[in-house]
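Everything on this sheet refers to the single structure shown next.
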Amino acid sequence: MSSIASHARTEPWYKYGVAFLMLEIAIAVAVSGYSLYMTFNGLGGFPGKH
Amino acid sequence: MPTHKVEQLVIATVGFFWCFLMWFSTAAFSPSIAATYHLGIKDLGLLASSAIWMAPVGRVVAGWASDRFGAPRTFAIILAGCGLVSIASAYTTSYELLFVERVIVAVAGVSFVVGIQHVAQWFEPEEIGTAEGLYAGTGNVGAGAGALLLPRIFGTDYHSAFLWLGVIALGIAAWYLLRGVAAKTTERRLSAQRGSDIRGTVFVWTRYIAIALMLAYAMSFGLEIAMNAWLPGYFARGFHEEILGLGFSGVAGLQIAAGTFAAVESFNASLFRPFSGFMSDLFQRRGWTPLPFIAKELPYAPRLHWLGIALILITLSMMGLTVAGLSGSLHSSIAVLVAFGIFLSFGTGGTFALVPLLFPDRPGIAAGFIGGVSTAGGIVYPLIFAGSANIHMGYLYVALYMFVPIVVFYFWAARYERHPEEHGLFTGELAGQQV
Numbered sequence: 095m096s097s098i099a100s101h102a103r104t105e106p107w108y109k110y111g112v113a114f115l116m117l118e119i120a121i122a123v124a125v126s127g128y129s130l131y132m133t134f135n136g137l138g139g140f141p142g143k144h
Numbered sequence: 004m005p006t007h008k009v010e011q012l013v014i015a016t017v018g019f020f021w022c023f024l025m026w027f028s029t030a031a032f033s034p035s036i037a038a039t040y041h042l043g044i045k046d047l048g049l050l051a052s053s054a055i056w057m058a059p060v061g062r063v064v065a066g067w068a069s070d071r072f073g074a075p076r077t078f079a080i081i082l083a084g085c086g087l088v089s090i091a092s093a094y095t096t097s098y099e100l101l102f103v104e105r106v107i108v109a110v111a112g113v114s115f116v117v118g119i120q121h122v123a124q125w126f127e128p129e130e131i132g133t134a135e136g137l138y139a140g141t142g143n144v145g146a147g148a149g150a151l152l153l154p155r156i157f158g159t160d161y162h163s164a165f166l167w168l169g170v171i172a173l174g175i176a177a178w179y180l181l182r183g184v185a186a187k188t189t190e191r192r193l194s195a196q197r198g199s200d201i202r203g204t205v206f207v208w209t210r211y212i213a214i215a216l217m218l219a220y221a222m223s224f225g226l227e228i229a230m231n232a233w234l235p236g237y238f239a240r241g242f243h244e245e246i247l248g249l250g251f252s253g254v255a256g257l258q259i260a261a262g263t264f265a266a267v268e269s270f271n272a273s274l275f276r277p278f279s280g281f282m283s284d285l286f287q288r289r290g291w292t293p294l295p296f297i298a299k300e301l302p303y304a305p306r307l308h309w310l311g312i313a314l315i316l317i318t319l320s321m322m323g324l325t326v327a328g329l330s331g332s333l334h335s336s337i338a339v340l341v342a343f344g345i346f347l348s349f350g351t352g353g354t355f356a357l358v359p360l361l362f363p364d365r366p367g368i369a370a371g372f373i374g375g376v377s378t379a380g381g382i383v384y385p386l387i388f389a390g391s392a393n394i395h396m397g398y399l400y401v402a403l404y405m406f407v408p409i410v411v412f413y414f415w416a417a418r419y420e421r422h423p424e425e426h427g428l429f430t431g432e433l434a435g436q437q438v
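If you're matching them up, the sequences are chains A and Y in order.
Residue 95 is where the first sequence starts when you use this note's numbering, and the numbers rise one by one after that.
Residue 4 is where the second sequence starts when you use this note's numbering, and the numbers rise one by one after that.
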């Protein structure tokens, strides 16, 4: 396993790429949370209050 | 021309995002088109399915073309061609002509493999997972963004939408031609060009590991696009009473609820895809090879293990969808769907973190085969789901009778500790390669 392990430092762009993918994950979590919330509250839940 | 690989990644991602937007823009306006031309449910179904017709063959050709002529030229031709036809469709008054034009615009979906090839020609093996993930995951969002935003911006005026989508596509095509550079080095470019003959194509198509990756992508992306079409109807029928119990009523209410629940899969599968590429990179950096049977000494062995884990998780979550559905619990079903969407992204991101490394001299041909043929899954799965006596059982049938054999085949094909690409239906020499 050690023969294939590579600990090369990543280039500067990589941290911005990771930050961007974290932002995308946050959006996915928000959509999932809203849908799950809606299964409990239906139309009464945010943002579809009636 | 001075450039940076991040600029090339941004160009490819924007181009792919716009192509995906055009690809699914017909679906976004299908109610308006149906109202204009008085279409029945069968016509609507045909219009919806036509979006995928060109993908399997078109992606194969586009992958080869990107190796042969370079990604910038290939991508620009796709953008410009689809853009011009989109503009023409804005002025069309005959439904038959509009249908043909929209099928041609749907060719935009083949651009995926061109961008995969472009990114592979610029990024290094240790960062390829994240780079390809950012490209594909962000681009895929174009489909959801189109469904969400286009009807809100243009209302029922699909003519204006098709016009603007086409005009902007022409602008992006010009940008791609002006600033796009096919590869980081001349050696890489020439290497891909040399491998783009018919013998190289036969070689890739007959390798067990390429077939295993194609099936893995059919298990992930093929399933993703199948579920995009299947899930709204599944929730509307399978959880009809539960949705009514939440206060939604009428067809419009059911559509809103079912669409919102179904969006969970689509958003997670797209937006977690870059994370999957990052995880593949992380497995690679740390040298993690936890699974049995799969090779442990190959330079990219940890990435094979990450994909193996993803395939197992997809299979288990499919079974979970059946269990949750049979329990009648909408909460459980959505919770499993969240995990399912994430696991799908693990599969899609994991596959294309591997493809450029397995076939570095033929990234376009390999991406075309793996990313093209696999989309046929989008047609097959809904037929199995719809053919089951119980609407919840289809997931289990697909998991047991299709996915378990595919996972076993993947483990078998990924077991070689040296040059897995040497093993295939023919010897390397018969397939035209020196191995």
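Every residue, glycine too, gets a C-beta built ideally from N, C-alpha and C.
Short of 8 Å Cβ to Cβ, which residues in the region 348 to 382 of chain Y face chain A?
none
Segment limits, alpha helix (DSSP H) that includes Q124 (chain Y):
Taking the second sequence and counting its residues from 1, the one referred to as residue 124 (chain Y) is at position 121. Neither: Q124 (chain Y) is in no alpha helix (DSSP H) and is coded neither H nor E.
Just the C-alpha distance for Y179 (chain Y) and L101 (chain Y), rounded to the nearest angstrom, thanks.
Translated into the one-based positions of the second sequence, residue 179 (chain Y) becomes position 176. Translated into the one-based positions of the second sequence, residue 101 (chain Y) becomes position 98. Roughly 28 Å between the two C-alpha positions.
What does DSSP give as the partner residue(s) for R210 (chain Y) in the beta ladder?
Working through the second sequence from its first residue, we reach residue 210 (chain Y) at position 207. Beta-bridge pairing links R210 (chain Y) to Y:G427.
Closer than 7 Å by beta-carbon distance: list the chain Y residues that pair up with S122 (chain A), in chain order.
By 1-based counting over the first sequence, the position of residue 122 (chain A) is 28. Checking the sequence shown, residue 122 (chain A) turns out to be Ala, not Ser. The answer, in chain order, is F270, N271, L274 and F275.
Interface residues of chain A facing H422 (chain Y) [CB-CB closer than 7 Å]:
Residue mapping note: residue 422 (chain Y) aligns to position 419 of the second sequence, counting from 1. By Cβ distance, chain A contributes nothing, its closest Cβ being about 15 Å from H422 (chain Y), past 7 Å.
For chain A, check one thing: does any of its Cβ atoms lie closer than 8 Å to the Cβ of T263 (chain Y)?
Here residue 263 (chain Y) refers to the residue found at position 260 when the second sequence is read from its first residue. By this cut-off, T263 (chain Y) is an interface position.
At which residue ranges does the region 393 to 427 of chain Y contain complete alpha helix (DSSP H) runs of 4 or more residues, listed in the order of the chain?
397 to 401 and 407 to 416
Using only the alpha-carbon positions, how far apart do K299 (chain Y) and I131 (chain Y) sit?
Your numbering for residue 299 (chain Y) matches position 296 in the second sequence. Your numbering for residue 131 (chain Y) matches position 128 in the second sequence. Taking the straight line from one Cα to the other gives about 19 Å.
Contact criterion: CB-CB distance below 8 Å. Does E130 (chain Y) meet it with respect to chain A?
Taking the first residue of the second sequence as position 1, residue 130 (chain Y) is located at position 127. Chain A, which has a Cβ nearer than 8 Å to the Cβ of E130 (chain Y), makes this yes.
One question on the structure: do V110 (chain Y) and F78 (chain Y) come within less than 8 Å of each other, judged by their Cβ atoms?
The residue labelled residue 110 (chain Y) in the question sits at position 107 within the second sequence. The residue labelled residue 78 (chain Y) in the question sits at position 75 within the second sequence. No, the pair does not count as a contact, with Cβ atoms beyond the cut-off.
With a cut-off of 8 Å, does the C-beta of F23 (chain Y) fall near any C-beta of chain A?
Here residue 23 (chain Y) is taken as the residue at index 20 of the second sequence, counted from 1. No, no contact with chain A.
Quick check: what's the CA-CA separation for A51 (chain Y) versus E268 (chain Y)?
To locate residue 51 (chain Y), count along the second sequence from 1; it is residue 48. To locate residue 268 (chain Y), count along the second sequence from 1; it is residue 265. Approximately 19 Å, taken between the alpha carbons.
Going straight from the alpha carbon of I55 (chain Y) to that of A150 (chain Y), what length do you get?
Translated into the one-based positions of the second sequence, residue 55 (chain Y) becomes position 52. Translated into the one-based positions of the second sequence, residue 150 (chain Y) becomes position 147. C-alpha separation (whole angstroms): 16 Å.
Whole-angstrom distance between L130 (chain A) and A338 (chain Y), CA atom to CA atom
Taking the second sequence and counting its residues from 1, one reaches residue 338 (chain Y) at position 335. Taking the first sequence and counting its residues from 1, one reaches residue 130 (chain A) at position 36. So the alpha carbons of these two residues sit roughly 7 Å apart.
In whole angstroms, what is the alpha-carbon distance linking P75 (chain Y) and G111 (chain A)?
Walking along the second sequence from the start, residue 75 (chain Y) turns up at place 72. Walking along the first sequence from the start, residue 111 (chain A) turns up at place 17. Distance between the alpha carbons of P75 (chain Y) and G111 (chain A) is about 22 Å.
Could you tell me whether any Cβ in chain A is nearer than 8 Å to the Cβ of I387 (chain Y)?
Within the second sequence, numbered from 1, the residue matching residue 387 (chain Y) stands at position 384. Taking Cβ atoms only, chain A never reaches closer than 8 Å to I387 (chain Y), which makes this a no.
Measure the Cβ-Cβ separation of Q124 (chain Y) and R192 (chain Y) and say whether it is below 8 Å.
As a working note, residue 124 (chain Y) is residue 121 in the second sequence. As a working note, residue 192 (chain Y) is residue 189 in the second sequence. Cβ distance < 8 Å, so Q124 (chain Y) and R192 (chain Y) count as in contact.
Contact set for I382 (chain Y): own chain, Cβ-Cβ below 8 Å, skip 5 residues either direction
One-based indexing of the second sequence puts residue 382 (chain Y) at position 379. Once the five neighbours on either side are set aside, the close Cβ partners of I382 (chain Y) are S52, I55 and A229.
Could you check how far apart the C-beta atoms of S89 (chain Y) and L168 (chain Y) are, in whole angstroms? I think they sit under 8 Å.
Counted from its first residue, the second sequence places residue 89 (chain Y) at position 86. Counted from its first residue, the second sequence places residue 168 (chain Y) at position 165. Confirmed, Cβ separation roughly 5 Å.
Who are the neighbours of H121 (chain Y) on chain A, taking C-beta pairs under 8 Å?
By one-based count along the second sequence, residue 121 (chain Y) stands at place 118. Ordered by position in chain A, no residue passes the 8 Å Cβ test against H121 (chain Y), which lies about 16 Å from the chain.
Taking the alpha carbon of C85 (chain Y) as the reference point, which residue from Y:L294, Y:G290, Y:G66 and Y:M57 has its own alpha carbon closest?
Against the second sequence, residue 85 (chain Y) aligns to sequence position 82. That would be Y:M57, whose Cα lies nearest to the Cα of C85 (chain Y).
Which complete alpha helix (DSSP H) runs does the region 161 to 211 of chain Y hold, if anything under 4 residues is left out?
161 to 182, 189 to 197 and 201 to 208
Cβ-heavy atom distance, P302 (chain Y) to the ligand ATP, below 7 Å:
Looking for the ligand ATP in the displayed structure turns up nothing, as the structure carries no ligands at all.
Quick check on the DSSP output: the alpha helix (DSSP H) that includes K109 (chain A) runs from which residue to which?
Here residue 109 (chain A) refers to the residue found at position 15 of the first sequence. Unbroken alpha helix (DSSP H) run through K109 (chain A): P106 to N135.
Please list the terminal residues of the continuous alpha helix (DSSP H) segment that includes R71 (chain Y).
Counting from one through the second sequence, the residue named residue 71 (chain Y) turns up at place 68. Residues A58 to F72.
Can you tell me whether DSSP reads I36 (chain Y) as helix, strand or coil?
In the second sequence, the residue the question calls residue 36 (chain Y) occupies position 33. It is helical.
Would you check if there are 3 or more beta carbon pairs closer than 8 Å linking the region 246 to 257 of chain Y to the region 271 to 289 of chain Y?
no
Can you pull the chain A residues whose beta carbon is under 9 Å from the beta carbon of H334 (chain Y), in chain order?
Here residue 334 (chain Y) refers to the residue found at position 331 of the second sequence. Within 9 Å Cβ-Cβ: L130, T133 and F134.
is_contact[V250 (chain Y), chain A] using C-beta, thresh 8 Å:
For the purposes of this step, residue 250 (chain Y) is taken as residue 247 along the second sequence, with counting starting at 1. In the sequence as displayed, the identity of residue 250 (chain Y) is Gly instead of Val. Yes, contact with chain A.
So what's F140 (chain A) in DSSP terms, helix, strand or just coil?
What you label residue 140 (chain A) is simply residue 46 of the first sequence in a count that begins at 1. Per-residue confidence for F140 (chain A) stands at a pLDDT of 46, beneath the threshold of 50, marking its modelled position as unreliable; no derived number is given.
Is S252 (chain Y) helix, strand or coil when you go by DSSP?
As a position in the second sequence, residue 252 (chain Y) is number 249, starting the count at 1. In the structure shown, S252 (chain Y) sits in coil (DSSP, three-state: anything other than H, G, I, E or B).
For A416 (chain Y) versus I119 (chain Y), is the C-beta spacing smaller than 8 Å?
Position 413 of the second sequence, counted from the first residue, corresponds to residue 416 (chain Y). Position 116 of the second sequence, counted from the first residue, corresponds to residue 119 (chain Y). Their beta carbons are not under 8 Å apart, which means A416 (chain Y) does not touch I119 (chain Y) by this criterion.
In angstroms with no decimal places, state the Cα-to-Cα distance between G136 (chain A) and G256 (chain Y).
One-based indexing of the first sequence puts residue 136 (chain A) at position 42. One-based indexing of the second sequence puts residue 256 (chain Y) at position 253. So the two alpha carbons sit approximately 11 Å from each other.
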